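At position 40 of the sequence shown the residue is numbered 41 (the numbering used here), and the sequence of numbers has no breaks. Glycine included, C-beta positions come from ideal geometry on N, C-alpha and C. Owing to the predicted nature of the structure, the values given are computational and were not obtained by experimental measurement.
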Amino acid sequence: MKAGSSALNSRQKAILEIIVQEFVKSGEPVGSLIITENYDIGCCSATVRNEMARLEEMGYLEQPHAASGRIPKDKAYRLFVNEIISRKIAPPPENAVSTIEREYQIIQSHLEILIKKTARLLAELTNYTSLLLAPQLRKSLFKYLRLVSLSPTRILLFMMNNTGSIIHRTIELSSPISPEVLERLTNLLNDRLQGRALDHVSEFLKEIPGLETDRELIRNIGDASQHLVEEQQREVFYGGKTRLFDFSEFRDLDKIKVLMEVMEEEKVVAEILTETLNADGVQVLIGEENPVDEMKECSMVTAAYNLNGEPVGTLGIIGPKRMPYEQIISIINYTAENFSHKLRHLDRL
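Shown next as structure tokens:
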């Protein structure tokens with residue numbers, strides 16, 4: 002352990018790491034005998050007990066009962082995770098690699114299928130609840146637009162971005178417009194907006210000459226595209242929501258109910274995921290580091306994925322603080338890299 006552990010000597014660091022690893026495996030308090038009998042720690046059980054008492058005083062461990070061993074506190078998990086992240090993240094187990102590669106080969110051109118498949122895969126590979134913030138369309142590019150006449154004053158707008166997502170809105174006009182004019186506008190806009198940033202559609206429309214007579218429709222197209230972008234930014238997909246029930250930490254029905262209610266608040270979860278969007282590498286929020294009180298008993302491991310060289314979304318998992326962080330971090334990191342690659346592949350279709 003490195004970051005933040007300067008106050009610990011080498012023996013204390015070793016003992017703390019063993020306690021974290023043992024508690025993650027068993028869920029039971031770790032005593033000095035477990036450490037001395039299973040690890041070459043270089044000291045006797047009494048010395049280990051003294052060091053554990055010192056680590057408790059320093060806020061790394063707690064003792065649930067007077068006669069029991071110790072369990073890690075958030076501070077211990079943070080040191081453990083910092084050490085993992087400070088090293089080069091190892092690839093995940095071979096079965097996880099082969100599963101991700103096999104499943105991604107099947108997906109061809111549909112972003113929603115890619116998102117749902119990835120959420121399901123993460124839940125299956127980690128045994129935790131997965132969550133995925135859909136790509137922020139304001140960072141994607143215009144690909145195709147179609148205007149369909151429903152009546153002389155009612156228009157259906159279809160718009161597609163470069164990842165294959167289709168968005169649509171009905172536009173009500175104060176004056177009629179002919180199908181011929183709609184066809185002319187469709188051809189013109191598809192030609193002029195091709196490859197433009199989707200969140201700048203309104204600005205680009207102002208630069209196109211010859212649209213003065215269709216100003217009301219053009220304004221509606223710009224407003225609709227921006228509104229749709231903002232709606233899409235908040236979309237969160239889950240995989241394996243009920244997996245949280247499998248852990249003893251969430252056997253309290255009132256506690257799990259509150260947590261599930263928070264997860265249903267898509268805007269809240271999306272804001273948390275968005276906060277980690279521009280951070281480098283894998284991000285881990287442990288216990289009290291979570292910004293929402295109802296998630297203080299959880300850890301969230303996330304990583305951003307990219308499109309056109311920019312981070313556009315986040316994927317990850319949520320579970321109890323007691324989790325095998327090294328393995329989870331490697332799976333999240335590998336999945337984010339492969340999701341980014343697949344997203345670029347969808348871009349070329």
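Any idea if residue i is buried or exposed, counting beta-carbon neighbours within 10 angstroms, 16 or more meaning buried?
i	result
Q195	exposed
Q284	buried
M2	Confidence in M2 is poor, its pLDDT being 43 and thus under 50, which makes the residue's placement unreliable; the coordinate value appears in the next sentence. Buried: at least 16 other Cβ atoms inside 10 Å.
P210	exposed
K343	buried
Measuring only the C-alpha atoms, how far is residue i from residue j?
i	j	result
R1	N128	The structure shown does not extend to residue 1, since the chain is modelled only from 2 to 350, so the question has no answer here.
L183	R88	57 angstroms
K117	G240	8 angstroms
Y145	Y306	24 angstroms
K268	G60	34 angstroms
S300	G317	11 angstroms
L286	E272	14 angstroms
E102	R170	36 angstroms
T119	L126	10 angstroms
S69	E57	13 angstroms
F143	N162	5 angstroms
I332	A97	7 angstroms
K322	I72	11 angstroms
R345	R252	41 angstroms
Ordered along the chain, which non-local residues of its own chain (more than five positions away) have a Cβ less than 6 angstroms from that of residue i?
i	result
V149	L157
P325	V25
Y40	I19
Q22	none
Can you give the beta carbon distance from residue i to residue j, rounded, assuming they're within the 8 angstroms contact cut?
i	j	result
A304	N339	Actually they are not in contact, since the Cβ atoms of A304 and N339 sit about 11 angstroms apart, beyond 8 angstroms.
M264	K242	7 angstroms
E9	A77	As written in the sequence, residue 9 is Leu, which differs from the Glu given in the question. In fact, because the Cβ distance is near 10 angstroms, the residues do not count as touching under 8 angstroms.
L115	S166	Contact doesn't hold; Cβ gap of about 11 angstroms is too wide.
A91	I172	Their Cβ separation, rounded to whole angstroms, is 52 angstroms, which puts A91 and I172 out of contact at 8 angstroms.
T315	L278	6 angstroms
For a cutoff of 9 angstroms on Cβ pairs, would you count residue i as touching chain B?
i	result
K242	Although the question refers to chain B, the structure presented lacks it and comprises just one protein chain.
Which residues in the same chain as residue i place their Cβ atom closer than 7 angstroms to its Cβ, once the five residues preceding and following it in sequence are excluded?
i	result
V270	L132, V237 and M264
Quiz item: If you scan the segment 242-289 from start to end, which runs of the alpha helix (DSSP H) of 4 or more residues do you find wholly inside it?
Solution: 254-265 and 267-276
Quiz prompt | Length at least 4, wholly inside the segment 77-147: the alpha helix (DSSP H) runs in chain order | solution = 95-107 and 112-127
Exercise. Could you tell me which uninterrupted alpha helix (DSSP H) segments, each at least 4 residues in length, are contained entirely in the segment 14-44, listed from first to last along the chain?
Key: 33-39
Quiz prompt | Within the segment 153-197, ranges of the alpha helix (DSSP H) (whole runs, at least 4 residues) | solution = 180-194
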